[in-house]
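Student: Pasting in a structure now, in structure tokens, and then I'll have a few things to ask.
2 protein chains.
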Amino acid sequence: MKDSRRRPTIADVAKAAGVSKTTVSRFLSDQAEYIAEETYRKIEQAIQGLNYEPSQMARGLKAKQSRLIGIIVADIANPFTTAILRGTEDVCHKHHYSLLVCNSDNDPTKEQNYIRTLRSHHIDGLILHTTGYNQSMLLALQKEKTPVVLLDREVNGMHVDLVGMDNTQATYDALDYLVRQGYHSIAYVTAPTADISTRIERVQAFHSFIAERHVGEESAVFQVVDDSSLLDFLQAFVSRKTATAKAVFTGNAVILLKAALAIQSLGYRIPDDIALISFDDPDWAQIVGISTISQSAYEMGVTAADRLIARLAGDAGEPRRFYVAATLQERASTPKVATGQSMRTHSSNRQAIHSE
Amino acid sequence: MKDSRRRPTIADVAKAAGVSKTTVSRFLSDQAEYIAEETYRKIEQAIQGLNYEPSQMARGLKAKQSRLIGIIVADIANPFTTAILRGTEDVCHKHHYSLLVCNSDNDPTKEQNYIRTLRSHHIDGLILHTTGYNQSMLLALQKEKTPVVLLDREVNGMHVDLVGMDNTQATYDALDYLVRQGYHSIAYVTAPTADISTRIERVQAFHSFIAERHVGEESAVFQVVDDSSLLDFLQAFVSRKTATAKAVFTGNAVILLKAALAIQSLGYRIPDDIALISFDDPDWAQIVGISTISQSAYEMGVTAADRLIARLAGDAGEPRRFYVAATLQERASTPKVATGQSMRTHSSNRQAIHSE
DNA sequence: AAGTCATATGAAATCGGTTTCATATAATCA
DNA sequence: TGATTATATGAAACCGATTTCATATGACTT
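Those protein sequences? They're chains H and L, same order as listed.
To convert, count from 1 in the first sequence and add 965; that's our numbering.
To convert, count from 1 in the second sequence and add 965; that's our numbering.
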């Protein structure tokens, strides 16, 4: 009568071992101190024989915890994201949590749906690489004591742990470096800032730097909406006559790729015609020889997960922020040019990318 | 008395709306046909007011389905994997499934733990980029009617759907191309094959091709165990005196990166000193100008998820295999060289990578 | 010998939903 | 008009675990 395809339950184990569900449950929860040796062995055997695995579902229902951690990332294809995921995954696995991974595609509506879904799955905590909206939904989560750790980006009005970096400082450092290398005409090319704090901070830092230093009247910020307008912008920027050498500064690895491809297809050479530096440090930047501002994304992922798990373990301290270091990777795409000098004269004999 | 921090339950909704749990449940399950308009409205309001979201946990317990799909990938940092994830995620989201993502790190033991964990979470189905072991555990899953779809790699003795590519054909095509381009001394550099079907098939195809065509007595297969031995191998291979031009053929994007970095650090030039081609097509291959055998990983992810969901929807047909097309991306790293000619003479005026 | 305590176990309630079965009223039919 | 059917709802069992409370036995006190 018993369906052999059915997964065995605790009741099946109990019957097979000739004991009660209670005793089996004790066995499962490591409260074995009051279990007789013989009983212990019988349960062990029954579990083995039936290939029994307790249902996390049933377990979680009573215990009010799912051992599920949700993570919503903005773009799963971005190597920055991938590195983060690896970090969080490693930590979660170590602590016997499983990761529910969602890809918001930088779309606030999709993000909202995901928050809802994750809540329905009763996640124990959430790691969020946010689009910046959905504040109220997140506050509701918080009120239910589901800890949230923000990754890389802020949500207005949310006082929770955050793992990110000092965008203003990093932008200043990069720009300072570019200026010292002799580039005074700089284009900052970013994905649309929307409500994304990281992007906004970087653009603001860019503007203030330019204003403070009185460099780069020729400088500009460009938001990439589609590839063809990026092409137009870059063409115009590179062919512009300026007093000083020019550089393009991209806001993340995805934009870097787009920009590099655009530059390539326009027939420009890096760094002969245009220097290039970028936030993020995808593994290929080393091969191609592109200077970057690298933040250890893996470490960010690890820190965020550690933080969340600390909260789950009961840490009720004030929300904290963790900043990973940003390091400038100097490579061939930003060689030093004599100050005052214009393009087509660079001191490095190395090229980064070739055009057709 | 009621704890305001507690998540509302169906009972709370029922009380607030002045109806029974049953009626609320009907509302939730879209069996609204027999619900009076006024009742409907009251329930709607109660749900709104309480910000109620049904617990998937409780739901799944009775319904015996979790709306969770497990996916175990071998290396989450590999861009091939990332593209797959994007595909599966898109499909799963569309069908209201959530993805439990696990990273086995190509470690059979970790994979085994993950299978266990996923089973405990009562996943409705599994997408598996396998290490090749763990057959028995997977068969057990199958017996419990949890559908499994294999990605890219086989598990011995498992008759389930598989989404992959024709590795033998693809290897032949690539080698045939290299030979036509004038490279008769070819090194196939792969990650350790272990029990991974894809890798084994490719190596076998390499051997048979070499044997059949009577080319490349100078050819070799090298398994990358650590970076320094790769360096040694490449140095020896490139400096070897051979009658024909030489090429390195890497087995995936991760090895490609390692090889490119090694070649670069050895001071060799691509393709002047050594041609380069690879399985996988990471986005940067285009920028650097590396020829590849590209398989649409995104499409693989989509197909695998579609397949799994079809199974979940009741498709009980024979296991099928789906092969995505492999296309050869011809780029600057494998220029044509005159047959019989040796190195340092290549017809392209374009270089792929520069050494210091 | 009666009371106390440590050891070992089980019955039944519970978690938050779904589902089965029962029931009450109104509308339709013969 | 009495029987049938369609409409609208609820009580209680159930899913697979945990947890509370109860209980039985043997050992140890006093």
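For each residue, glycine too, the CB sits at the ideal point set by N, CA and C.
Please work out which residues of its chain come closer than 8 Å, Cβ to Cβ, to P1019/H, disregarding the five sequence neighbours upstream and downstream, and give them in chain order.
Tutor: I975, L993
Student: Let me know if V978/L comes out buried or exposed under the rule of 16 or more other beta-carbons within 10 Å of its beta-carbon.
Tutor: buried
Student: By the criterion of Cβ-Cβ separation under 8 Å, what are the contact partners of V1041/L in chain H?
Tutor: Before going on, a small fix: residue 1041/L reads as Ile here, not Val. Near I1041/L (Cβ distances below 8 Å), the residues of chain H are T1047, L1050, R1051, E1054.
Student: Taking the straight line between their C-alpha atoms, what separation do you get for H1058/L and A982/L?
Tutor: 31 Å
Student: So, is K1223/L buried or exposed, given that buried needs 16 or more other C-beta atoms within 10 angstroms?
Tutor: buried
Student: For Q1251/H, go through chain L and note every residue whose CB falls closer than 8 Å to its CB, in chain order.
Tutor: L1226
Student: DSSP on S1173/L, reduced to helix/strand/coil?
Tutor: Residue state, collapsed to three classes: helix.
Student: Can you have a look at Y1148/L and say buried or exposed, based on whether 16 or more other CB atoms are within 10 angstroms of its CB?
Tutor: buried
Student: If we count Cβ pairs, one from each stretch, closer than 8 Å, do we get three or more for the segment 1008-1023 of chain L versus the segment 1021-1032 of chain H?
Tutor: yes
Student: With a threshold of 16 other CB atoms inside 10 Å of the CB of V1190/H, please say whether the residue is buried or exposed.
Tutor: exposed
Student: Tell me, to the nearest whole angstrom, how far the beta carbon of Q1107/L is from that of T1155/L; I am working on the premise that it is less than 8 Å.
Tutor: Contact flag wrong, Cβ pair sits at about 30 Å.
Student: Against T1082/H, what residues of chain L qualify as contacts under a CB-to-CB distance less than 7 Å, listed in chain order?
Tutor: S1063
Student: Leaving out the 5 sequence neighbours to the left and right, which residues in its chain are closer than 7 Å to Y1142/H when beta-carbon positions are compared?
Tutor: Closer than 7 Å at the Cβ level, and outside the excluded window around Y1142/H, lie L1293.
Student: Since P1019/H meets chain L, which of its residues come closer than 7 Å, beta carbon to beta carbon?
Tutor: S1085
Student: Would V1066/L pass as a contact of T1268/L if the rule is Cβ separation under 8 Å?
Tutor: no
Student: Reducing DSSP to helix, strand and coil, say where G961/H ends up.
Tutor: Past the boundaries of the shown model lies residue 961/H; chain H is included only from 966 to 1321, so the question cannot be answered.
Student: Three-state secondary structure (DSSP) at H1149/H?
Tutor: Note: H1149/H maps to strand in three-state DSSP.
Student: Ends of the beta strand (DSSP E) at I1252/L?
Tutor: It is not in any beta strand (DSSP E) - I1252/L instead sits in the alpha helix (DSSP H) that spans 1249-1253.
Student: Three-state secondary structure (DSSP) at Q996/L?
Tutor: The three-state reading of DSSP puts Q996/L in coil, since its state is none of H, G, I, E or B.
Student: Report yes if the CB atom of G1090/H is closer than 8 Å to the CB atom of T1111/H, and no otherwise.
Tutor: Between G1090/H and T1111/H, the gap from beta carbon to beta carbon is short of 8 Å.
Student: Are the C-beta atoms of A976/H and some chain L residue less than 8 Å apart?
Tutor: no
Student: What separation, rounded to the nearest whole angstrom, lies between the Cα atoms of I1258/H and P973/L?
Tutor: 46 Å
Student: Would you mind working out which of K980/L, F1174/L, Y1153/L, F1171/L sits nearest F1214/L, comparing C-alpha positions?
Tutor: It is Y1153/L whose Cα lies nearest to the Cα of F1214/L.
Student: In terms of residues, what are the limits of the beta strand (DSSP E) holding T1292/H?
Tutor: 1291-1294
Student: Quick one: using the 10 Å Cβ neighbour count with 16 as the cut-off for buried, is P1157/L buried or exposed?
Tutor: Looking at its Cβ environment, which holds fewer than 16 other Cβ atoms inside 10 Å, P1157/L is exposed.
Student: Quick one: Cα of R970/H to Cα of I1088/L, how far?
Tutor: 15 Å
Student: With 16 other CB atoms within 10 Å as the buried threshold, where does G1254/H fall?
Tutor: buried
Student: Report yes if the C-beta distance between F1171/H and L1140/H is below 8 Å; otherwise report no.
Tutor: yes
Student: At 7 Å on the CB atoms, spell out the chain H contacts of L1026/L, in chain order.
Tutor: M1022, A1023, L1026
Student: How many angstroms separate the CA atom of H1179/H from the CA atom of V1144/H?
Tutor: 11 Å
Student: Show which residues of chain L have a CB atom less than 8 Å away from the CB atom of L1222/H.
Tutor: D1248, W1249, I1252
Student: Take S1298/L and list the residues in its own chain whose beta-carbon comes closer than 7 Å to its own, dropping the five residues that flank it on each side.
Tutor: I1235, P1236, A1240, L1241, I1242, G1254, I1255, S1256, A1317
Student: What are the residues that DSSP puts in a beta bridge with D1126/H?
Tutor: V1114/H
Student: Listing by chain order, which chain L residues have their CB less than 8 Å from the CB of Q998/H?
Tutor: The residue you asked about is not Gln; residue 998/H is Glu in the sequence shown. Near E998/H there are no residues of chain L at all, since even the closest Cβ is about 24 Å away, more than 8 Å.
Student: Is there a Cβ from chain H that is less than 8 Å from the Cβ of A1105/L?
Tutor: yes
Student: For a minimum of 3 consecutive residues, which ranges assigned as the beta strand (DSSP E) are wholly contained in the segment 999-1058 of chain H?
Tutor: 1033-1038
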